[in-house]
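Q: In our numbering, the protein residues as written are 197 to 306.
Using N, Cα and C, we set each Cβ at its ideal position, and we do this for glycine too.
Note that this is a predicted model, so its numbers are computed, not measured.
#1: In the DSSP assignment, what residue or residues form a beta bridge with residue 284?
#2: Rounded to a whole number of angstroms, what is the C-alpha to C-alpha distance between residue 257 and residue 273?
#3: Helix, strand or coil, according to DSSP, for residue 274 in the structure here?
#4: CA-CA distance, residue 291 and residue 249?
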């Protein structure tokens, strides 16, 4: 079961150098200082979000592996991508208000 580990800080994050914040200066990070992400841990095999579920969050994977899968109309499931530390995911749902694939933890991750 997922567990809220605490609040994160972009300036001190161990994967900042490989994340979407990599090219931001300290001054730019200070401009978004009110943005404090929540750090959540997921266990291997746990669903992070489901296809067609309401898109409430975007995620930056700090460590571990996650697979994105899509259920096809003919009943098959297609692996869309395997993610690793530093990858951003879940943001595609913001354009549609629902996630267009499911995210599953392949290992313990946060």
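A: Judging by the given coordinates:
#1: 256
#2: 23 Å
#3: strand
#4: 13 Å
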